[in-house]
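Listed in order, the protein sequences are those of chains A and B.
Add 10 to a position in the first sequence, counting from 1, and you land on the number used in our numbering.
Add 10 to a position in the second sequence, counting from 1, and you land on the number used in our numbering.
Comments concern the structure below.
Number of protein chains: 2
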Amino acid sequence: MHACRSLHGAASTFPRTPIKDLMTVPRVDVATPDTTTTATVYGWVKTIRRQKNLSFITINDGSAFKSLQVVCDASSIPAASLADVSVGSSVTVTGAVTHAPKSGQVEVHAQSVTVLGTSDPAVYPLSKKFHGLEFVREHLHLRPRTNTFGALTRVRNALSTHRFTLGTTPSFFGRPAYLTVSGQLHAEMYASALSKVYTFGPTFRAENSNTSRHLSEFWMVEPEMAFAGLSECMASAQGAVQHSIQHALATCPDDLAFFQEQQQAKESTPKKSAQSTNLLSQLTAVATHDIPHMTYTEAIAVLTQASVKFELKPEWGIDLKTEHERYLAETYVGGPVFVTDYPAALKAFYMRQNDVADPDRATVAGMDLLVPAVGELVGGSVREERLEVLEAKMRASGVDPNGLQWYLDLRRFGTVPHAGWGLGFERLVLFVTGMENIRDAIAVPRYPGACRH
Amino acid sequence: MHACRSLHGAASTFPRTPIKDLMTVPRVDVATPDTTTTATVYGWVKTIRRQKNLSFITINDGSAFKSLQVVCDASSIPAASLADVSVGSSVTVTGAVTHAPKSGQVEVHAQSVTVLGTSDPAVYPLSKKFHGLEFVREHLHLRPRTNTFGALTRVRNALSTHRFTLGTTPSFFGRPAYLTVSGQLHAEMYASALSKVYTFGPTFRAENSNTSRHLSEFWMVEPEMAFAGLSECMASAQGAVQHSIQHALATCPDDLAFFQEQQQAKESTPKKSAQSTNLLSQLTAVATHDIPHMTYTEAIAVLTQASVKFELKPEWGIDLKTEHERYLAETYVGGPVFVTDYPAALKAFYMRQNDVADPDRATVAGMDLLVPAVGELVGGSVREERLEVLEAKMRASGVDPNGLQWYLDLRRFGTVPHAGWGLGFERLVLFVTGMENIRDAIAVPRYPGACRH
């Protein structure tokens with residue numbers, strides 16, 4: 011093998027310390043600053059302030075919310091060598107790791123500053139000042155560099171821990187994504203053999219829903235469990251949401267503190283409701299408390315008695331609108347709530363028919379998880395496992411059983427009680443970050459009219 | 011909140027023990043069988059053997075490769091009550107957990123057997139006998155119940171541990187999947203702010219590639235790293251592949267032992283090459299050894315000197331075909347190998363141009379990871395970060411720079427050296443399981459002509 015070489019022991023071309031790791035260098039006594047540790051960082055310039063003898067550069071590399079301050083003494087870093095350092099330029103800095111005497115913040119005293127890529131201040135669209143989200147959405151490819159989208163992306167990443175939360179042997183498979191609006195029917199196929207499975211992938215909706223809560227492409231987590239009824243279905247959804255939020259709280263404290271500040275700034279205008287004033291304590295409460303549940307029939311009773319004028323009058327049989335969902339979550343419960351057992355006429359054919367005395371009030375064993383600000387976060391149900399009932403429901407819904415014989419086969423051969431749910435991942439991101447427009451919760455939002463990147 | 015109830019302490023309707031958990035009940039002294047533990051299992055019947063006084067049912071619930079043997083004594087379980095128990099039916103069994111006196115295997119002595127769903131033996135398409143993969147592919151919705159597809163799905167799940175392997179702060183985002191064949195350009199967008207990101211999602215190729223290695227829809231892991239060159243790119247791909255395989259070896263020993271047996275059975279026909287005779291030791295070697303690398307130019311020299319007649323004669327400039335890739339991996343190296351620095355003319359415009367003396371031998375800093383049996387598993391490169399070079403390469407490739415101004419902006423404003431790679435997830439599944447047709451490595455395969463489920 012004369013022509014082969016090994017990677018073993020190859021020195022990295024980029025001996026890089028992520029800024030996040032540098033932030034945790036222990037603070038030494040401020041009277042005896044530690045100037046013995048050297049580090050090399052890489053990142054993009056957030057700010058630069060030039061003075062006669064000292065210049066200050068703040069650098070962010072996306073590994074942490076905080077940027078690193080670099081101090082350049084003109085005696086070792088001539089001002090001319092910093093000519094190309096501007097907001098948005100990329101640099102690598104090697105220097106002594108110290109702690110600022112007053113703040114104790116980690117900073118680097120530069121021994122060398124190298125510009126990797128310039129950024130012409132005359133045309134770079136992002137400046138130090140605050141940019142509105144609409145403006146930033148026009149510059150999708152640069153918005154990850156903003157505080158907001160850096161933080162949002164780290165939180166989004168932390169939330170995708172669904173893999174651990176679904177029991178002992180979740181069996182992940184790739185969602186068959188094209189020409190489908192859900193992987194559920196295929197997930198039932200696998201749950202009918204492996205007991206517990208989930209899919210996670212993009213989901214497409216072609217309807218022209220130009221709202222702050224809808225996307226043409228969104229990501230959905232869809233677990234499906236054999237040997238499960240409605241209480242297992244709710245317990246599993248609660249567990250997944252709680253685990254994801256706990257993971258985000260544990261791994262993204264700075265990012266979430268930023269979103270809390272953002273929310274408090276918005277709420278200096280008094281129109282917001284009271285329970286969302288502290289994002290972190292709201293999230294902690296959701297992550298640690300059982301989520302209550304009520305039936306649709308009970309929910310209608312609550313809405314009927316509410317001292318609120320709804321646009322759509324609440325009465326048994328209506329499809330709950332955002333106004334009703336938010337009233338239940340925000341005002342009545344003051345947090346997330348499951349609503350169960352919806353009228354059969356409102357729900358898909360595959361949801362399991364309940365036994366009810368009054369045929370005019372036929373319901374199905376479905377549940378929606380409603381959360382403040384967002385509304386529906388999770389929708390799930392027990393699946394109709396009785397062949398004859400399922401066939402009858404298909405026909406009543408105008409679904410041709412002949413096109414879904416494979417789905418009926420799952421009921422012909424060893425049918426089992428089973429249930430599952432779907433969580434709109436971008437809605438979870440909205441709920442956890444307090445952001446308001448779902449287009450800001452995904453890397454490249456697809457919605458009617460938007461297809462430039 | 012009179013209308014709300016809590017999930018807290020709600021008893022499960024399905025007090026189920028996964029069969030996998032039951033398998034690890036400690037073996038007691040065979041002389042004093044432990045009949046004090048009772049358990050309830052749910053699953054599908056694999057086999058049933060009826061005798062006068064005893065009946066034996068094996069049950070699988072997908073949590074483990076092994077099925078559980080249930081012993082039914084006619085004195086407590088009348089034979090008539092087992093009339094509906096057939097292959098494919100779903101049952102729940104409660105009974106005493108014991109260990110078979112001779113084998114020591116865990117088994118359950120039934121106190122009750124309840125059929126949840128029948129399965130008419132006259133029409134159920136899967137029987138105890140071995141089914142060819144083509145036959146099983148005709149019954150996609152039932153194939154998860156076969157040994158092969160149960161095992162494959164558990165291994166597939168274990169392999170999707172890419173999330174932990176990509177460094178300290180991989181920032182996951184949803185792949186913008188529709189109308190795209192790769193998320194790479196969008197991943198560069200996020201790497202140019204967050205340093206390390208990855209996407210994982212379905213990828214679509216419309217070409218009519220009707221081969222055992224191509225799908226119209228496949229899943230791809232695509233990490234993208236700022237501040238990285240070719241050696242970082244290779245080290246990261248090696249790390250991800252090794253970590254995934256280690257995780258599968260650790261968590262799916264029974265499933266992988268099954269695939270090893272399958273492979274050995276196939277290899278009793280002598281046409282197969284020698285190095286794949288032991289799947290487990292091959293995987294262990296890949297998981298623990300550095301992967302060698304060679305340049306394309308070196309690879310061509312090796313192929314030219316090979317005592318093998320290739321259909322396409324190896325000479326500098328040709329696109330390596332599967333016959334060449336497999337020779338390099340299987341015969342020359344005897345395992346995975348990186349081939350680097352391909353002719354620029356063969357590769358996409360975004361790969362970084364190398365400095366070479368001879369302009370007729372222009373190369374790019376790209377790499378492919380070739381593995382036995384499968385061929386190309388990973389493809390990656392350093393990305394061209396120099397604005398002028400990138401624009402020139404776009405024009406030379408017929409790509410209009412005006413349509414990708416946002417991509418060029420990443421080079422205009424703080425460009426950085428960066429690199430990334432893509433791993434075809436179903437090819438990793440093939441490599442690890444020894445399966446041969448990629449249509450068997452995904453839940454619902456999409457390929458030209460197939461769209462029934």
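Cβ coordinates follow ideal geometry from the N, Cα and C atoms, glycine included.
Quantities reported herein were computed from a predicted structural model and do not represent experimental measurements.
Scanning its chain for C-beta atoms nearer than 8 Å, with the 5 sequence neighbours on each side dropped, one finds around HIS303 (chain B) the residues MET244, VAL347, PHE348, VAL349, THR350, MET377, in chain order. If you keep only unbroken beta strand (DSSP E) runs of at least 3 residues inside the region 367-438 of chain B, you get 373-381, 385-393, 428-434. In this structure, VAL426 (chain B) sits near GLU395 (chain B), with a CB-CB distance shorter than 9 Å. For ASP351 (chain A), the uninterrupted beta strand (DSSP E) run begins and ends at 347-353, by DSSP. Assignment of beta-bridge partners to ASN70 (chain A) by DSSP yields A:TRP54.
Among the residues facing chain B, LEU150 (chain A) is included, as its CB has a counterpart in that chain under 9 Å away.
In the structure shown, the three-state DSSP call for ALA120 (chain A) is strand. Pairing ASP450 (chain B) with LEU379 (chain B), the inter-Cα distance amounts to about 22 Å. Note on geometry: alpha-carbon atoms of ARG164 (chain A) and CYS262 (chain A) lie some 7 Å from one another. Taking each of A:GLY239, A:VAL125, A:ALA201 in turn and checking the Cα distance to VAL374 (chain A), the smallest one comes out for A:GLY239.
Contact with chain A is found for VAL207 (chain B), since one of that chain's Cβ atoms lies less than 9 Å from the residue's Cβ. For TRP431 (chain B), the nearest beta carbon of chain A is not closer than 9 Å to its own beta carbon. Flagged as an interface residue toward chain A: SER100 (chain B), by a C-beta distance shorter than 9 Å.
Residue burial annotation: ASN63 (chain A) is exposed, with fewer than 16 other C-beta atoms found within 10 angstroms of its C-beta. Within the same chain, and ignoring the five residues on either side of HIS149 (chain A) in sequence, the residues whose Cβ sits closer than 6 Å to its Cβ are PRO135. Annotation for ARG155 (chain A): TRP54, LEU136 place their beta carbon closer than 7 Å to its own, counting only its chain and skipping 5 residues before and after. Looking at the backbone, the Cα of LEU397 (chain A) and that of LEU418 (chain A) are separated by about 7 Å. The residue among A:MET230, A:ASP94, A:ALA429 with its C-alpha nearest the C-alpha of TYR200 (chain A) is A:ALA429. Per DSSP, the unbroken beta strand (DSSP E) holding LYS206 (chain A) starts and ends at 206-214. HIS257 (chain B) is positioned such that its CB atom lies no closer than 9 Å to that of LEU162 (chain B). With the rule of 3 Cβ pairs closer than 8 Å, the region 226-239 of chain A counts as touching the region 433-449 of chain A.
Burial state of SER16 (chain B) is exposed, judged by a 10 Å Cβ sphere holding fewer than 16 other Cβ atoms.
Among the residues of chain B, none has a CB under 8 Å from the CB of ASP351 (chain A); the nearest is roughly 12 Å distant. Taking a cut-off of 8 Å on C-beta distances, the region 90-100 of chain A touches the region 121-134 of chain A, as three or more cross pairs fall below it. Not one beta carbon of chain A lies nearer than 9 Å to the beta carbon of GLY434 (chain B). Counting along the chain, ALA236 (chain A) sits inside the beta strand (DSSP E) bounded by residues 227-236. The shortest CA-to-CA distance from THR209 (chain A) to any of A:SER181, A:SER222, A:VAL123, A:ALA236 is the one to A:SER181. Taking a Cβ-Cβ cut-off of 8 Å, the neighbours of MET244 (chain B) in chain A comprise LEU17, given in sequence order.
At a C-beta separation below 7 Å, ILE58 (chain B) has no neighbours in chain A, since its nearest C-beta there lies roughly 13 Å away.
HIS303 (chain A) sits in a strand when the DSSP states are folded into three classes. Comparing C-alpha distances from ASP83 (chain A) to each of A:ASP410, A:ALA106, A:PHE75 shows the shortest one belongs to A:ALA106. Look at ARG223 (chain B) here: in three-state DSSP terms it is coil, with no helix or strand label. Here THR47 (chain B) has VAL107 as same chain residues with Cβ atoms under 6 Å from its own Cβ, once five neighbours each way along the sequence are excluded. Distance from the CA of SER77 (chain B) to the CA of PRO212 (chain B), rounded to the nearest whole angstrom, comes to 33 Å. When the beta-carbon positions are compared, GLU335 (chain B) and GLU386 (chain B) come within less than 9 Å of each other.
DSSP links SER181 (chain B) through a beta bridge to B:VAL207.
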